[in-house]
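Engineer: Chains as they are written, first to last, in the numbering used here: chain A, 17 to 385; chain B, 17 to 385.
Protein chains: 2
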Amino acid sequence: MSLPRIAVDAMGGDEGVRVMVEGAAIARRRHKDFQFLLVGDEGRIKQALEHHPGMAGASEILHCEDVVGGDELPSRAIRRAKTTSMGLAVGAVKSGEAGAAVSAGNTGALMAMSKIALRTLPGIDRPALAALLPTLQEHDVVMLDLGANTEADARNLVQFAVMGAAYSRIVNGFEKPRVRLLNIGTEEIKGTDALRDAAARLSAATAREDSDLALEFDGFVESDKINRGETHVVVTDGFSGNIALKAIEGSARFVTDLLKQAFTSSLRSKIGFLVSRPATELLKHHLDPNNHNGAVFLGLNGVVVKSHGSATAGGVANAVAVAARLLENKLTERIAHDLAAMGEDALKENGRENGRQSTGKDSPDEAAA
Amino acid sequence: MSLPRIAVDAMGGDEGVRVMVEGAAIARRRHKDFQFLLVGDEGRIKQALEHHPGMAGASEILHCEDVVGGDELPSRAIRRAKTTSMGLAVGAVKSGEAGAAVSAGNTGALMAMSKIALRTLPGIDRPALAALLPTLQEHDVVMLDLGANTEADARNLVQFAVMGAAYSRIVNGFEKPRVRLLNIGTEEIKGTDALRDAAARLSAATAREDSDLALEFDGFVESDKINRGETHVVVTDGFSGNIALKAIEGSARFVTDLLKQAFTSSLRSKIGFLVSRPATELLKHHLDPNNHNGAVFLGLNGVVVKSHGSATAGGVANAVAVAARLLENKLTERIAHDLAAMGEDALKENGRENGRQSTGKDSPDEAAA
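1) Can you list the alpha helix (DSSP H) stretches of 4 or more residues lying completely in the segment 60 to 143 of chain A, in chain order?
2) Taking the straight line between their C-alpha atoms, what separation do you get for Glu167 (chain A) and Asp213 (chain A)?
3) For the alpha helix (DSSP H) that Gly331 (chain A) lies in, which residues bound it at each end?
4) Starting from Arg224 (chain A), trace the alpha helix (DSSP H) both ways and give me its first and last residue.
5) Taking Asn243 (chain A) as the query, report the chain B residues whose CB atoms sit under 7 Å from its CB, ordered along the chain.
6) In three-state DSSP terms, what is Lys364 (chain B)?
7) Can you name the residues that DSSP bridges to Arg194 (chain B)?
8) Using a Cβ cut-off of 7 Å (strictly closer), state whether Phe190 (chain A) contacts chain B.
9) Using DSSP with H/G/I as helix, E/B as strand and the rest coil, what is Asp25 (chain A)?
10) Could you give the DSSP three-state label for Lys322 (chain A): helix, strand or coil?
11) Name the residues in the segment 146 to 157 of chain A whose C-beta lies less than 7 Å from a C-beta of chain B; which are they?
12) Does Phe52 (chain B) come out as helix, strand or coil in the three-state DSSP assignment?
13) Return helix, strand or coil for Leu355 (chain A), following the three-state DSSP convention.
14) Alpha carbon to alpha carbon, what distance is there between Thr202 (chain A) and Arg350 (chain B)?
15) What are the partner residues of Met179 (chain B), as DSSP defines its beta bridges?
16) According to DSSP, simplified to helix, strand and coil, what is Ala384 (chain B)?
17) Given a threshold of 16 other Cβ atoms within 10 Å of its Cβ, counted over all protein chains shown, does Glu382 (chain A) qualify as buried or as exposed?
18) Measure from the C-beta of Lys377 (chain B) to each C-beta in chain A and report whether the shortest distance is under 7 Å.
19) With DSSP as the reference, identify every bridge partner of Ala146 (chain A), one or two as the case may be.
20) Could you tell me which residues DSSP puts in a beta bridge with Val251 (chain A)?
21) Going along the chain, which residues of its own chain have a beta-carbon closer than 6 Å to the beta-carbon of Arg34 (chain B), five neighbours each way excluded?
22) For Glu58 (chain B), go through chain A and note every residue whose CB falls closer than 9 Å to its CB, in chain order.
23) Do you know offhand how far Leu283 (chain B)'s Cα is from Thr151 (chain A)'s?
24) For the segment 69 to 98 of chain B, which residues have a CB atom closer than 7 Å to at least one CB atom of chain A, in sequence order?
25) Against chain B, which members of the segment 246 to 266 of chain A pass a CB distance test of less than 7 Å?
26) Kindly indicate the opening and closing residues of the alpha helix (DSSP H) around Arg45 (chain A).
27) Under the rule that 16 or more other beta-carbon atoms within 10 Å means buried, what is Ala23 (chain B), buried or exposed?
28) Would you say Asp213 (chain B) reaches chain A, if we count a Cβ-Cβ gap shorter than 7 Å as a contact?
29) Among the residues of its own chain, which have a CB less than 8 Å from the CB of Val178 (chain A), if the five just before and after it don't count?
30) Is the shortest distance between the beta-carbon of Glu204 (chain A) and the beta-carbons of chain B less than 7 Å?
31) Buried or exposed: Glu238 (chain A), going by 16 or more other Cβ atoms within 10 Å of its Cβ?
32) Three or more C-beta pairs closer than 8 Å, one from the segment 132 to 140 of chain B and one from the segment 337 to 345 of chain B: is that the case here?
33) Contact criterion: CB-CB distance below 7 Å. Does Asp381 (chain B) meet it with respect to chain A?
34) Look at the alpha carbon of His155 (chain A) and the alpha carbon of Ile242 (chain A), and state the distance between them as a whole number of angstroms.
35) Measure from the C-beta of Asn366 (chain B) to each C-beta in chain A and report whether the shortest distance is under 7 Å.
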């Protein structure tokens, strides 16, 4: 069976059409069965396609001129879903014209549009944004939620664990990914009620003798261990996840900036830098977000992948490849299976309100972007 | 006027007596007016003092044999305050025998003991743990709370802003430190109710024409910008602060570990490494936590400084110096002044519960350690 085609929002991202089309073309050179629906300005897409003759038979263009702004409020963007390249790319997944959508546009808008168009899977209360982070090991670590929900109760966290494990199995190939909850200590008593409740539910569900769950639960992890690679899936609420993700990114950039300063501080260190360039290139390669590109909105009736706004064509190609793998490996069916295996106790309504308190309303604009 | 003496918990920390006494001795070589109350096993302290003849006239020993365990629950430690080196060091501040206490022991226990013995300052609801983090600039950035409170409402956050600014003024010398609230985006609508409410209070208080506040409020900051150095004080709840702090530490270690791997991957890169060693030493120096040692419990009737458990003697000396500067510059009086300048509106009770929900109880064991 051939792969369903992938809708690419050709207008999103810092570089727009050229990079998105080139990214799709690179992905297609690696996987000959990829087919695309390129959504955006037809003239500019055709121009970009001229450089990639291999794409001619593999892509259809869905013309539109409107693009969601980088700073556009999600609440405004969702009203423009029928006229913008992002809205139409997500809409193509809803209508079945495509199997997955990839966009490098405004994260908050993409999330809000995807939620409205694709709805959450049966049994999932809230979708979550998951991403891949580099580790000291060969494999990446999956972390979620990264900002789709500023709050999460125990039941949400259990659902995130199921979704993250499914993603890790497909992307990293672990049969039973090791899942931990992000906390401020590893002892049982640490953290919020929501975290302790979620830990108790996950422990009970994975300890059941008849458990058919394709994940292991290892308790809590602190944020300084995320990159060690011993944990395969780190589960957290969107506020803490976004704080951790950006702190990791900022700190890595901080250290490499310091390194640059240090390496240019004297002639001797400049020479040392030149001699050891292959080593620092290796570091750069390992840390380059393009090599870990492809954050995913999990928990929806469909696959939506968010590419970094500043991703290179190679990064976009990786995001496209992630979308294809999730399609091929039936992400949504895996999530449904594991939700069932988790059992009712783990997913019961919370006896009392837990975690960050609800804001009363559910504005799409509060989330991280 | 001579400086009040500093009580040093000589038994806490990974290395114990030798490092703590040596740290005090190094601090004293730099500041001849420092006086110490060394709390712990008299025999071992005397033995350590033999290597530091300059300390003879500058220190008194308060003998005790008990030590708080690294994993000891705060709820247990507080019942042993009268017999442990940590408890007696904090107790010396309460009784006035010392002006400040320095300990490298169990953070949660130190916090719980300090809260009980010293109580919070008038107008402060909850103390907070603040630390110094390196930046790309010359100065460190102050971040708080780092784990004393897993939750914080708008009023708590305003109080943290006042306490953090006072700390930054003393340690970094800024007249009006630039304060920001840690959030998952910089737009006004981002994040939790507590954050938005705190931002509104701080904006209003600093915008008042008659404002005598010695701080500027610059809105929100995302965690990837903490180390840039443009913000002087980063204010957050203890859960998010702990997540951000440890993510920064873990990511910096991750990058330097990768660098080590890269530098030993070939003969060429090994040679490059040797040639550029002065540069990498500079990096190591800048990132070394010993050079930013001295986390502080702010908001108490007294100065309590937490030294890293694994700090070297040089690191301990820095923690002692921080304690002395806070004493000398009358930290608690500065906080009281700024609280008054903040005005009633900024510190009013919250109309409704905000932020992370209360756990109902207030167990000292939930906090980060």
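Ideal Cβ placement from N, Cα and C applies to all residues, glycine included. Remember, predicted model here, so these are calculated numbers, not experimental data.
Structural biologist: Let's see:
1) As far as the segment 60 to 143 of chain A is concerned, its whole alpha helix (DSSP H) runs of at least 4 residues are 90 to 93, 101 to 111 and 123 to 134.
2) So the two alpha carbons sit approximately 15 Å from each other.
3) Following the DSSP letters along the chain, one finds Gly331 (chain A) inside the alpha helix (DSSP H) bounded by residues Ala329 to Glu344.
4) That residue, Arg224 (chain A), is in no alpha helix (DSSP H); it is neither H nor E in DSSP.
5) Simply Gly266, Ser267 and Phe270.
6) Coil at Lys364 (chain B), not helix or strand.
7) Paired residues: B:Glu232.
8) No, its Cβ sits nowhere closer than 7 Å to a Cβ of chain B.
9) Secondary structure of Asp25 (chain A) (DSSP, three-state): strand.
10) Lys322 (chain A): strand per DSSP, three-state reduction.
11) For the segment 146 to 157 of chain A, residues whose beta-carbon sits nearer than 7 Å to a beta-carbon of chain B comprise Leu152.
12) DSSP places Phe52 (chain B) within a strand segment (E or B) once states are collapsed to three.
13) DSSP places Leu355 (chain A) in helix when its eight states are reduced to three.
14) The straight-line gap from Cα to Cα measures roughly 36 Å.
15) Residue pairing of Met179 (chain B) in beta bridges, as defined by DSSP: absent, with no partner found.
16) Ala384 (chain B) falls in the coil class under three-state DSSP.
17) Counting Cβ neighbours within 10 Å, Glu382 (chain A) comes out buried, since at least 16 surround it.
18) At Lys377 (chain B), the pLDDT of 47 sits below 50, so the modelled position is not reliable; the number obtained from the coordinates is stated separately. The Cβ of Lys377 (chain B) sits no closer than 7 Å to any Cβ of chain A.
19) According to DSSP, Ala146 (chain A) bridges with A:Leu160 and A:Val312.
20) Per DSSP, A:Leu160 and A:Leu197.
21) Counting only residues of its own chain and dropping the five nearest sequence neighbours on each side, Arg34 (chain B) has a CB closer than 6 Å to the CB of Ala64.
22) Residues of chain A passing the Cβ test: none, with the nearest at roughly 33 Å.
23) Computed Cα separation, rounded: 24 Å.
24) Only those residues of the segment 69 to 98 of chain B whose C-beta falls short of 7 Å from the nearest C-beta of chain A would be listed, and there are none.
25) For the segment 246 to 266 of chain A, the set of positions with a beta-carbon nearer than 7 Å to some beta-carbon of chain B reads Phe255, Ser256, Asn258, Ile259, Ala260, Lys262, Ala263, Ile264, Glu265 and Gly266 in chain order.
26) Unbroken alpha helix (DSSP H) run through Arg45 (chain A): Val33 to Arg46.
27) The residue in question, Ala23 (chain B), is buried, as its Cβ has 16 or more Cβ neighbours within 10 Å.
28) With 7 Å as the cut-off, Asp213 (chain B) does not count as an interface residue toward chain A.
29) Taking C-beta separations shorter than 8 Å and ignoring five residues to either side along the sequence, the partners of Val178 (chain A) in its chain run Leu231, Ile351, Asp354, Leu355 and Met358, following chain order.
30) So no, Glu204 (chain A) is outside the interface.
31) The residue in question, Glu238 (chain A), is buried, as its Cβ has 16 or more Cβ neighbours within 10 Å.
32) With fewer than three CB-CB distances shorter than 8 Å, the segment 132 to 140 of chain B does not count as touching the segment 337 to 345 of chain B.
33) Cβ-Cβ to chain A under 7 Å: yes for Asp381 (chain B).
34) Annotation: His155 (chain A) to Ile242 (chain A) spans about 12 Å, alpha carbon to alpha carbon.
35) No, no contact with chain A.
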